[in-house]
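Under this note's numbering, the letters of the sequence shown match residues 4 to 422, in that order. Ideal Cβ positions, reconstructed from N, Cα and C, are used throughout, including at glycine.
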Amino acid sequence: MPEPTNTALPAAVIAEAQRCLNCKNPRCRQGCPISTPIPDVIRMALNGQEDEAGRILFENNPLTTVCAKVCDHERQCEGHCILGKKGKPVRFSQIEDAISSAYSRRMTRGPAQPNGMHAAIIGAGPAGLTIAVQLARRGFGVTIFERRAQIGGVLRYGIPDFRLPREVIDDFAYRHLVLKDIRVRPNTSIGAGGALGIDDLLADGYDAIFVGTGVWQPRRLNVPGETQGHVHYAIHYLASPAAYDLGRCVVVVGAGNAAMDVCRTALRAGTDSVTCLARGLAASASKKELSAALAEGMQLRCGVRVTRIGRKDVEVIGVDGEGRDLPGSEDSLPADSVIIAVSQGPRSLIVSTTQGLEVNERGLLVTDGCGRTTRPGIFAGGDVVAGARTVVEAVAASKRVAGAMEAYMRERAAQRAEK
Ligand SMILES: Cc1cc2nc3c(=O)[nH]c(=O)nc-3n(C[C@H](O)[C@H](O)[C@H](O)COP(=O)(O)OP(=O)(O)OC[C@H]3O[C@@H](n4cnc5c(N)ncnc54)[C@H](O)[C@@H]3O)c2cc1C
Ligand code: SF4
Numbered sequence: 004m005p006e007p008t009n010t011a012l013p014a015a016v017i018a019e020a021q022r023c024l025n026c027k028n029p030r031c032r033q034g035c036p037i038s039t040p041i042p043d044v045i046r047m048a049l050n051g052q053e054d055e056a057g058r059i060l061f062e063n064n065p066l067t068t069v070c071a072k073v074c075d076h077e078r079q080c081e082g083h084c085i086l087g088k089k090g091k092p093v094r095f096s097q098i099e100d101a102i103s104s105a106y107s108r109r110m111t112r113g114p115a116q117p118n119g120m121h122a123a124i125i126g127a128g129p130a131g132l133t134i135a136v137q138l139a140r141r142g143f144g145v146t147i148f149e150r151r152a153q154i155g156g157v158l159r160y161g162i163p164d165f166r167l168p169r170e171v172i173d174d175f176a177y178r179h180l181v182l183k184d185i186r187v188r189p190n191t192s193i194g195a196g197g198a199l200g201i202d203d204l205l206a207d208g209y210d211a212i213f214v215g216t217g218v219w220q221p222r223r224l225n226v227p228g229e230t231q232g233h234v235h236y237a238i239h240y241l242a243s244p245a246a247y248d249l250g251r252c253v254v255v256v257g258a259g260n261a262a263m264d265v266c267r268t269a270l271r272a273g274t275d276s277v278t279c280l281a282r283g284l285a286a287s288a289s290k291k292e293l294s295a296a297l298a299e300g301m302q303l304r305c306g307v308r309v310t311r312i313g314r315k316d317v318e319v320i321g322v323d324g325e326g327r328d329l330p331g332s333e334d335s336l337p338a339d340s341v342i343i344a345v346s347q348g349p350r351s352l353i354v355s356t357t358q359g360l361e362v363n364e365r366g367l368l369v370t371d372g373c374g375r376t377t378r379p380g381i382f383a384g385g386d387v388v389a390g391a392r393t394v395v396e397a398v399a400a401s402k403r404v405a406g407a408m409e410a411y412m413r414e415r416a417a418q419r420a421e422k
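Right, here's the structure in full:
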């Protein structure tokens, strides 16, 4: 199959790339959880080798087109760039976005030579998709089982499309799954409530299994009034915002990135007022997401704890920096709807129906550093192991797990051949 050929990058991107000092000890790379070889990519792009730069990006990170858009660059590569010490850091996100999108649109590489072994992957979020691509590149047959109708996990059913256009995920599905013969079984939940369990997959001869089911159990506030009809959880709302009639005045509890997504989605849907409540003395969302939500009209109130949700209001009390209540600071805010965005934990669909899979006190799967669970042949990674984290961390973990899965499957094949 022909691979992409060079095309010029936009002038603004070239100008940004030209600011890079090509440091010998690149701090930007150290700040990247997946160690993207940033100076090399920039140097190649400036030398007219955009395709080589794109190839390196995809080989290092199959979700490079996604990460260019949703990573917290201020805390990662750009936050570590040496130029940021006295001025503006190199905006590598802009450079990565341009190179990876252009390269991706023209990628047509087909499947690798099959090696006769097959892996089952449960969950088509960033963790499962990374494993799928890594194993398919090495010739393993891959089948993905996904509970929802489409692939992407939080990328499709959590992050709003004004932050991550759905074409990016659709393009990934075509370039990486369709062209590489990776099979996806949509609407197929593995474990409790589904027709199939992990033991069925093993009985059917899959050589190894990866569990990348994420964290989809909303954390409760545990205050009176949480069961009322106008109270919702962030991940349910974000999965299908059009299904909700929120009224004119919305209170969002929690101030992380998911809360910012809720606030902006509600404001864009025409809600008059959205107030975000943070228990801490500052919002925990990234600077970029917080300032975008404030610019769109979100109001932020920090240092408050919700004590009760009424039919038309939310009762709060002020807290100090240690989280202690401040007597006399009780207040109430009007609310037609309340959306709770205080993180998520794992569901137990698989663990409750599979023997030998150990979980920790938070219900997260216990694994070693390479994703081996407590049951041989079953591996896990992403949020279901680490708790609610980030896309790039799920990708980084999955790269390590793919290596361990490959070694496990090859060793078993060698043992079979010896018999
Ligand atoms: C609203 C929101 C916004 C976020 N914004 C950002 C951001 O801007 N940047 C960033 O880096 N990170 C962000 N994150 C975090 C990031 O999206 C996650 O860390 C990442 O998606 C984890 O990947 P994963 O593959 O482990 O899990 P998921 O993305 O949750 O994917 C798990 C998949 O498994 C499927 N599944 C679950 N159970 C089963 C089953 N039993 N059988 C079959 N399939 C199953 C699910 O349907 C899902 O498709 C955000 C998270 C949320 C909730
Ligand atoms: S730290 Fe900044 S200037 Fe140095 S190589 Fe990285 S992006 Fe370029």
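The distance from the Cβ of Ala-71 to that of Ser-103 is about 6 Å, consistent with a contact at the 8 Å cut-off. Taking Met-412 as the centre and dropping the five residues before and after it, the same chain places the C-beta of Met-120, Asp-210 and Ala-211 closer than 6 Å to its C-beta, in chain order. Val-171 is the residue among Asn-50, Val-171, Ile-134 and Arg-304 whose C-alpha sits nearest the C-alpha of Val-73. Cβ neighbours of Ala-269 within its own chain (closer than 7 Å, five residues either side excluded): Leu-249, Val-253 and Val-277. Distance from the C-beta of Cys-74 to the nearest heavy atom of ligand 2 is not below 7 Å. Between Ala-288 and Ala-272, the C-beta gap is not smaller than 8 Å, which leaves the two residues out of contact. When the beta-carbon positions are compared, Val-387 and Gly-215 come within less than 8 Å of each other.
Close CB contacts of Ala-127 within its chain, under the 7 Å cut and outside five residues either way in sequence, are with Ile-147, Glu-149, Ile-154, Gly-155, Gly-156 and Val-187 (chain order).
A Cβ-Cβ distance of about 6 Å is found for the pair Ile-353 and Ile-193, placing them in contact under the 8 Å criterion.
Non-local C-beta neighbours of Arg-30 in its own chain, meaning closer than 8 Å and more than five positions away in sequence, comprise His-83, Cys-84 and Ile-85, ordered along the chain.
If you compare the alpha carbons of Gly-34, Leu-284 and Val-319 with that of Cys-305, the shortest gap goes to Leu-284. Within its own chain, the residues whose Cβ lies closer than 8 Å to the Cβ of Ser-355, once the five positions on either side in sequence are excluded, are Gly-194 and Ala-195, listed in chain order.
Under the DSSP assignment, Cys-252 falls outside any alpha helix (DSSP H), being part of the beta strand (DSSP E) whose first and last residues are 252 to 256. By the C-beta density criterion, Pro-36 is buried, having at least 16 other C-beta atoms within 10 angstroms. Rounded to whole angstroms, the separation of the alpha carbons of Gly-142 and Asn-118 is 5 Å. Under the three-state reduction of DSSP output, Glu-77 falls in the coil class, being neither helix nor strand. Restricting attention to Leu-66, Val-309 and Asp-164, the CA atom closest to the CA of Val-317 is found in Val-309. Between the C-alpha atoms of Thr-39 and Asn-25 there is a straight-line separation of about 14 Å. Taking C-alpha positions only, Asp-54 is separated from Gly-232 by approximately 53 Å.
Nearest to Arg-350 by alpha-carbon distance, out of Ser-335, Val-145 and Ala-391, is Ala-391.
With a threshold of 16 other beta carbon atoms within 10 Å, Ala-206 falls short and is exposed. Shown here, Ala-11 sits in coil according to DSSP, grouped into three states, outside any helix or strand. By the neighbour-count criterion, in which 16 or more other beta carbons inside 10 Å mark a residue as buried, Gln-137 falls on the buried side. Burial state of Leu-180 is buried, judged by a 10 Å Cβ sphere holding 16 or more other Cβ atoms. With a threshold of 7 Å, the Cβ atom of Pro-92 counts as near ligand 2, since some heavy atom of the ligand is closer than that.
Each residue's CA atom was taken as its position, placing Ile-201 and Thr-357 some 7 Å apart.
Apart from sequence neighbours up to five positions away, the residues of its chain that approach Asp-75 with a beta-carbon distance below 6 Å are Ser-289, ordered along the chain.
Membership of Asp-54 in the alpha helix (DSSP H) is indicated by the continuous run 53 to 63. According to the DSSP assignment, Cys-31 belongs to the alpha helix (DSSP H) that extends over 30 to 33.
Within the model, the alpha-carbon separation for Asp-323 versus Ser-332 is close to 11 Å. Beyond the five residues adjoining it in sequence on each side, Lys-183 comes within less than 6 Å, by CB distance, of Pro-114 and Ala-139 in the same chain, given in chain order.
Closest by C-alpha distance to Asp-164, out of Gly-208, Val-265 and Met-47, is Val-265.
Residues of the same chain with a CB within less than 6 Å of the CB of Ala-245, apart from the 5 flanking positions on each side, do not exist. From the listed residues Pro-330, Ala-105, Thr-67 and Arg-311, the smallest Cα separation to Ser-96 is found for Thr-67. Secondary-structure assignment with DSSP links Leu-303 through a beta bridge to Cys-279.
In the DSSP assignment, Pro-114 falls outside any beta strand (DSSP E) and carries neither an H nor an E.
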